[in-house]
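The block underneath contains the structure these notes are about, expressed in structure tokens.
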Amino acid sequence: MAQTSILVVDDEKLIRWSMKQKLESWNYQVFEAENLKDALKVFQQEAPDLLTLDIKLPDGSGIDFLKQARQIQPSLPVIMITAFGVVDLAVQALKLGAYDFIEKPIDFEKLGNSIRNALETCRLKVQLDQVSQSHKTRFSIENIVGRSRAIRDVLDLIQRLAQAGATTLLVQGESGTGKDLVSRALHYQSSRREHPFFALNCAAIPETLIETELFGYEKGAFTDAKTLKKGVFEMADGGTVFLDEISEMNLNLQSKFLRVLEDQTFRRVGGVKDISVNVQVVASTNRDLEAAVKDGKFREDLFYRLSVIPIQIPPLRERKEDIPLLVEHFIQRYNTQFRKKVEQLTPNGMKLMMDYSWPGNIRELKNAIERAMILVDNDRIEAAHLPIRIADPTSKNPLPRANGSPLVRLPSEGAGLEEIEKNLLEQALHYSHGNKTRASKLLKISRDTLRYKVKKHNLE
Numbered sequence: 018m019a020q021t022s023i024l025v026v027d028d029e030k031l032i033r034w035s036m037k038q039k040l041e042s043w044n045y046q047v048f049e050a051e052n053l054k055d056a057l058k059v060f061q062q063e064a065p066d067l068l069t070l071d072i073k074l075p076d077g078s079g080i081d082f083l084k085q086a087r088q089i090q091p092s093l094p095v096i097m098i099t100a101f102g103v104v105d106l107a108v109q110a111l112k113l114g115a116y117d118f119i120e121k122p123i124d125f126e127k128l129g130n131s132i133r134n135a136l137e138t139c140r141l142k143v144q145l146d147q148v149s150q151s152h153k154t155r156f157s158i159e160n161i162v163g164r165s166r167a168i169r170d171v172l173d174l175i176q177r178l179a180q181a182g183a184t185t186l187l188v189q190g191e192s193g194t195g196k197d198l199v200s201r202a203l204h205y206q207s208s209r210r211e212h213p214f215f216a217l218n219c220a221a222i223p224e225t226l227i228e229t230e231l232f233g234y235e236k237g238a239f240t241d242a243k244t245l246k247k248g249v250f251e252m253a254d255g256g257t258v259f260l261d262e263i264s265e266m267n268l269n270l271q272s273k274f275l276r277v278l279e280d281q282t283f284r285r286v287g288g289v290k291d292i293s294v295n296v297q298v299v300a301s302t303n304r305d306l307e308a309a310v311k312d313g314k315f316r317e318d319l320f321y322r323l324s325v326i327p328i329q330i331p332p333l334r335e336r337k338e339d340i341p342l343l344v345e346h347f348i349q350r351y352n353t354q355f356r357k358k359v360e361q362l363t364p365n366g367m368k369l370m371m372d373y374s375w376p377g378n379i380r381e382l383k384n385a386i387e388r389a390m391i392l393v394d395n396d397r398i399e400a401a402h403l404p405i406r407i408a409d410p411t412s413k414n415p416l417p418r419a420n421g422s423p424l425v426r427l428p429s430e431g432a433g434l435e436e437i438e439k440n441l442l443e444q445a446l447h448y449s450h451g452n453k454t455r456a457s458k459l460l461k462i463s464r465d466t467l468r469y470k471v472k473k474h475n476l477e
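466 is the number that the numbering used here gives to position 449 of the sequence shown; each next residue is one higher, with no gaps.
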């Protein structure tokens, strides 16, 4: 691991010497400069990790060099070294981006703490910037895969809404169509992309807790409220809150939520003070909200507030021309994840994918490719690597559907459990081409259990 380097800029030789001795004893690599000219030369040659800079130098002000250094290296942590009586200049330096200032004579314990804190702050900022940049790339509009007219209309609408700066948006679509990805694209395509993005699933949080998650609570608001807690609306100020499954929000909370949409203010649970925020709200649902309004399960005024310009994501069965692109996209993703070199799906496999109805939409396709990538041993995914419901169009729907059809259909004349077990073993061995490891994964049992059952049913 490379040593952390520090450039010490000071016109006093004794101070440079004492700082060099102390910094090297802390295992830092030290460079020295006695004036601005030398400092610039060393800075450009060595690109130090931190700079200690005297404010008054023979050929100019350290503040001028601070400006210059941070133009070259914006994230550079700088600690100003000041003489007694020039604290006003040190404050000016802090406003220009210096991390801290230390007065002469130097307190080395304070200097050491300041250096460690400055380097750690810089490291965390770099990591945060990397994560932010990664999210911008990962969730950019370019990563929504498709060339169909239906998906291009969605992408065009996302661009328009992001540029317009809309504060309330509704994304509708069946489960698995990519509502979460669209909501993130709306955020990272807009001017809010430098601010936080918070996602909350209204169906996954108990009704009694969702209000505190959204709005936070004051200390003492209820028995377990031992400290103040900020909610996602407060923490997302300037950014975006994504509320998935908005249809599951109870009616009482819907009225409070409507107020947030209307005037961007709310109160913490147990609070008496209004808190103002600037938040974009993206809500999503896979339910028919108009029907929920008619049934009295969703507020009509909230529905109209949300649905000014709804974004309707088409199901995969209505844009089948996008399936080859999606297959290629997920193959490449799992090639990286599983360190494989799979090139494509066989023509027969692709035909099966195109003929399938995809009730689970893109999520189901993604899972099918992930499964195939785990099972495949060569550079092409065969039809046999696909889930049975896709690979065998004649199968009687071996997986449960929303209407509650069973996993295994019992013949009207009945069948013994031993016979059913043997049949499932034969299917698993067939679809895995006799590979027992793959067959055991299909049946969700251990390889040893599979071997025992294969021997038991004389399927060797």
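Every residue gets a Cβ at the ideal spot worked out from N, C-alpha and C, and that includes glycine. Just so it is clear, the structure is predicted and the values come from calculations on it, not from any experiment.
Beta carbon of Arg397 nearer than 9 Å to that of Gln349 | For the purposes of this step, residue 397 is taken as the residue at position 380 of the sequence shown. For the purposes of this step, residue 349 is taken as the residue at position 332 of the sequence shown. No, the pair does not count as a contact, with Cβ atoms beyond the cut-off.
Run through DSSP, which three-state label would Val325 get?
-> Taking the first residue of the sequence shown as 1, we reach residue 325 at position 308. Of the three classes helix, strand and coil, the one that applies to Val325 here is coil, per DSSP.
For Pro417, three-class secondary structure by DSSP | The count along the sequence shown starts at 1 and reaches residue 417 at position 400. Residue confidence for Pro417 is low, a pLDDT of 43 falling below 50, so the modelled location carries little weight and cannot support an answer.
Identify whether Thr487 lies in helix, strand or coil by the three-state DSSP scheme.
-> Not covered by the structure: residue 487. The range shown for the chain is 18 to 477.
Under the DSSP definition of a beta bridge, which residues are partnered with Gly233?
-> Position 216 of the sequence shown, counting from 1, holds the residue named residue 233. Answer is Lys247.
Skipping 5 residues on each side, what residues in its chain have a beta carbon closer than 6 Å to that of His402?
-> Residue numbering aside, residue 402 sits at position 385 when the sequence shown is read from its first letter. These residues qualify, in order along the chain: Ala389, Leu392 and Val393.
Count the other C-beta atoms from every protein chain shown that fall within 10 angstroms of the C-beta of Pro417, then say buried if there are 16 or more, exposed otherwise.
-> The residue given as residue 417 occupies position 400 in the sequence shown. Residue placement at Pro417 cannot be trusted, given a pLDDT of 43 that sits under 50; what the coordinates show is reported in the next sentence. So Pro417 ends up on the exposed side.
State the Cα-Cα distance for the pair Lys290 and Ser374, rounded to the nearest angstrom.
-> Sequence index remark: in the sequence shown, residue 290 carries index 273 (1-based). Sequence index remark: in the sequence shown, residue 374 carries index 357 (1-based). Spanning the two alpha carbons is a distance of roughly 52 Å.
Taking the Cβ atom as the reference point for each residue, do His212 and Ala253 lie within a distance shorter than 9 Å?
-> Here residue 212 refers to the residue found at position 195 when the sequence shown is read from its first residue. Here residue 253 refers to the residue found at position 236 when the sequence shown is read from its first residue. A contact, by the Cβ cut-off of 9 Å.
Beta bridge counterpart(s) of Leu459 as assigned by DSSP = For the purposes of this step, residue 459 is taken as the residue at position 442 of the sequence shown. DSSP output for Leu459 lists no bridge partner at all.
Please name the residue in Asp312, Leu476, Lys112 and Ile123 whose C-alpha comes closest to that of Trp34.
-> Residue 34 sits at position 17 when you count from the first residue of the sequence shown. It is Ile123.
Should the segment 315-334 be called in touch with the segment 171-189, which here means at least 3 C-beta pairs below 8 Å?
-> yes
If you pair each beta-carbon of the segment 193-206 with each one of the segment 229-248, do three or more pairs fall below 8 Å?
-> no
Cα-Cα separation, Asp170 to Thr302 | As a position in the sequence shown, residue 170 is number 153, starting the count at 1. As a position in the sequence shown, residue 302 is number 285, starting the count at 1. When rounded, the distance between both Cα atoms is 19 Å.
Residues of its chain near Met36, where Cβ-Cβ distance is below 6 Å and the 5 sequence neighbours each way are ignored = Stepping through the sequence shown from its first residue, residue 36 is reached at position 19. Answer for Met36: Val25, listed in chain order.
What residue from Leu172, Gly288, Ala309 and Gly233 has the CA that sits closest to Glu262's CA?
-> Residue 262 sits at position 245 when you count from the first residue of the sequence shown. Ranking the options by Cα distance to Glu262, first place goes to Ala309.
C-alpha distance - Val47 paired with Asp66, whole-angstrom precision | Translated into the one-based positions of the sequence shown, residue 47 becomes position 30. Translated into the one-based positions of the sequence shown, residue 66 becomes position 49. Distance between the alpha carbons of Val47 and Asp66: 10 Å.
Residue from Asn267, Pro223, Gln206 and Lys30 with nearest C-alpha to Ala50 | Translated into the one-based positions of the sequence shown, residue 50 becomes position 33. The option with the nearest alpha carbon to Ala50 is Lys30.
Whose C-alpha, out of Ala64, Ala110 and Asp76, is nearest the C-alpha of Ile89?
-> Locating residue 89 in the sequence shown gives position 72, where the first residue counts as 1. When each option's Cα is compared against that of Ile89, the closest is Ala64.
Specify, as a first and last residue, the run of the alpha helix (DSSP H) that Asn218 falls within.
-> Along the sequence shown, one-based indexing puts residue 218 at 201. First-last for Asn218: Phe214 to Asn218, but that is the beta strand (DSSP E), not the alpha helix (DSSP H).
Excluding the 5 residues preceding and the 5 following Glu335 in the sequence, name in chain order all residues of the same chain whose CB lies nearer than 7 Å to its CB.
-> The sequence position of residue 335 within the sequence shown is 318, counting from 1. Cβ within range, chain order: Ala167.
Among Leu145, Ala216 and Leu467, which has the Cα closest to the Cα of Val296?
-> To locate residue 296, count along the sequence shown from 1; it is residue 279. Among Leu145, Ala216 and Leu467, the Cα nearest to that of Val296 belongs to Ala216.
Helix, strand or coil: how does DSSP classify Arg350 here?
-> Numbered from its first residue, the sequence shown carries residue 350 at position 333. In this structure, Arg350 counts as helix in the three-state DSSP scheme.
So Asp318 and Leu275 are in contact, right, with Cβ under 8 Å, and what is the actual spacing, rounded?
-> The sequence position of residue 318 within the sequence shown is 301, counting from 1. The sequence position of residue 275 within the sequence shown is 258, counting from 1. The Cβ separation is near 6 Å, so the contact holds.
Going by CA-CA distance only, name the one from Leu476, Ser463 and Leu68 that's closest to Leu484.
-> Beyond the ends of the chain as shown, which are 18 and 477, falls residue 484; an answer cannot be given.
Give a yes or no on whether the C-beta atoms belonging to Gly366 and Glu399 are separated by under 9 Å.
-> Against the sequence shown, residue 366 aligns to sequence position 349. Against the sequence shown, residue 399 aligns to sequence position 382. Yes, the pair counts as a contact, with Cβ atoms nearer than the cut-off.
Throw me the rounded Cβ distance for the Glu251 and Gly233 pair, which I believe falls under 8 Å.
-> Residue 251 sits at position 234 when you count from the first residue of the sequence shown. Residue 233 sits at position 216 when you count from the first residue of the sequence shown. The pair is a contact, with the Cβ atoms about 6 Å apart (cut-off 8 Å).
Quick check: the segment 264-271 against the segment 223-230, are there 3 or more CB pairs under 8 Å?
-> yes
Put Gly77 into one of helix, strand or coil per three-state DSSP.
-> Taking the sequence shown and counting its residues from 1, the one referred to as residue 77 is at position 60. Gly77 falls in the strand class under three-state DSSP.
Just mark Tyr351 as buried or exposed, buried being the case when its beta carbon has 16 or more other beta carbons within 10 Å.
-> Walking along the sequence shown from the start, residue 351 turns up at place 334. By the neighbour-count rule (16 or more Cβ atoms within 10 Å), Tyr351 is buried.
Going along the chain, which residues of its own chain have a beta-carbon closer than 7 Å to the beta-carbon of His474, five neighbours each way excluded?
-> Position 457 of the sequence shown, counting from 1, holds the residue named residue 474. Taken in chain order, the residues that qualify are Lys439 and Leu442.
Have a look at Leu460, Arg209, Tyr45 and Ser449 and flag the residue whose alpha-carbon is nearest the alpha-carbon of Ile437.
-> Counting from one through the sequence shown, the residue named residue 437 turns up at place 420. Minimum Cα distance to Ile437 is reached at Leu460.
Three-state secondary structure (DSSP) of Ser42 = Here the question's residue 42 lines up with position 25 in the sequence shown. Ser42 falls in the helix class under three-state DSSP.
Can you tell which of Phe283, Ile292, Ser293 and Leu278 has the C-alpha that lies nearest to the C-alpha of Ala300?
-> Taking the sequence shown and counting its residues from 1, one reaches residue 300 at position 283. Closest by alpha carbon: Leu278.
Whose C-beta lies closer than 6 Å to the C-beta of Leu53 among residues of the same chain, with five residues either side of it excluded?
-> Here residue 53 refers to the residue found at position 36 of the sequence shown. Excluding positions up to five away in sequence, the list reads Leu74, Asp76, Gly77 and Phe82.
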